[in-house]
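Before any comments, here is the structure.
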Amino acid sequence: NAGVTQTPKFQVLKTGQSMTLQCAQDMNHNSMYWYRQDPGMGLRLIYYSASEGTTDKGEVPNGYNVSRLNKREFSLRLESAAPSQTSVYFCASSDPNTGELFFGEGSRLTVL
Amino acid sequence: GDSVTQMEGPVTLSEEAFLTINCTYTATGYPSLFWYVQYPGEGLQLLLKATKADDKGSNKGFEATYRKETTSFHLEKGSVQVSDSAVYFCALSGLNFGNEKLTFGTGTRLTIIP
């Protein structure tokens, strides 16, 4: 009953450090997404992947890179973290039959 | 581009009160509309949806009707419970069903007091 699993749940970085957020889904979905959630701004799409081997920019891609390693996994990398990237990050996948998005529990990132 | 305007919160109600959270949208074509709910410390989960005009989505006592003429999808519940305390997000999808790049509203925090 795992659904979408994200790691880590919490992370504190210093400005300029790098890190990768991992995401995996076990629902055999083709499409996967990374969103960030900030107070008063709702969720904004960073990157998405319509299928294995393809990725596309969303609304706020600057400062991030992604990798769709296989159908299950979609990682988000911050190469040089900035305080503006302090946020809660959500990974999601979508059911092509219903249009429903399934979200992970989120990763809270603080950049000092 | 597509956008969702959602009633600002926070909203505080007493148990058993009637709830309305307003949501209006701007989009090309005929998007699908969604309400997602986020309980404390959790990710978002689908509450209800409607895929065409005049459709009514419903779940857990919540309802919302897709009104094309007013470009609205307001969330309602007749009698709220403490367990309904959460953040509610209105969202719409683009035209590519199965590739759901949702556009979200800013969220409305709802607190129900006993």
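Chains as they are written, first to last, in the numbering used here: chain U, 499 to 610; chain Y, 560 to 673. Beta carbons are placed, not taken as given, at the ideal position from N, Cα and C, and that holds for glycine.
Counting C-beta atoms within 10 angstroms of its own C-beta, Val-641 (chain Y) has fewer than 16 neighbours from the protein chains shown and is therefore classed as exposed. Residue pairing from DSSP places Glu-635 (chain Y) in a beta bridge opposite Y:Thr-579, Y:Glu-622.
Under the three-state reduction of DSSP output, Val-570 (chain Y) falls in the strand class.
Residues of chain Y whose Cβ lies closer than 7 Å to the Cβ of Gly-540 (chain U) are, in chain order, Phe-648, Phe-663, Gly-664, Thr-665, Gly-666. About 6 Å separates the Cβ atoms of Thr-665 (chain Y) and Gln-565 (chain Y), confirming a contact at the 8 Å cut-off. Excluding its 5 nearest sequence neighbours in each direction, Thr-571 (chain Y) has C-beta neighbours in its own chain below 6 Å: Thr-670, listed in chain order. In this structure, the straight-line span from the alpha carbon of Pro-559 (chain U) to that of Asn-568 (chain U) is close to 21 Å.
Within the model, the alpha-carbon separation for Gly-551 (chain U) versus Cys-589 (chain U) is close to 17 Å. Cβ proximity to chain U below 8 Å picks out Thr-610 from the region 610 to 631 of chain Y. Under the rule that a run must span 3 or more residues, the beta strand (DSSP E) segments found entirely inside the region 517 to 569 of chain U read 517 to 523, 529 to 536, 540 to 547, 562 to 566. Annotated as proximal: Leu-607 (chain Y) and Ala-623 (chain Y), with beta-carbon spacing under 7 Å.
Counting only residues of its own chain and dropping the five nearest sequence neighbours on each side, Arg-542 (chain U) has a CB closer than 7 Å to the CB of Tyr-533, Arg-534, Glu-557, Val-558. Taking a C-beta distance under 7 Å as the contact criterion, Val-564 (chain U) and Thr-584 (chain U) do not qualify as a contact pair. With fewer than three CB-CB distances shorter than 8 Å, the region 514 to 524 of chain U does not count as touching the region 645 to 655 of chain Y. In this chain, the beta strand (DSSP E) harbouring Val-609 (chain U) covers 605 to 609. Per DSSP, the continuous beta strand (DSSP E) segment holding Ala-650 (chain Y) begins and ends at 645 to 651. Membership of Lys-608 (chain Y) in the beta strand (DSSP E) is indicated by the continuous run 603 to 609.
Boundaries cannot be given for Ser-582 (chain U), as no beta strand (DSSP E) includes it and DSSP labels it neither H nor E. Burial state of Gly-560 (chain Y) is exposed, judged by a 10 Å Cβ sphere holding fewer than 16 other Cβ atoms.
For Lys-636 (chain Y), no Cβ of chain U is located within less than 7 Å of the residue's own Cβ. Per DSSP, the unbroken beta strand (DSSP E) holding Val-510 (chain U) starts and ends at 508 to 511.
Under the DSSP assignment, Val-502 (chain U) falls in the beta strand (DSSP E) whose first and last residues are 502 to 505.
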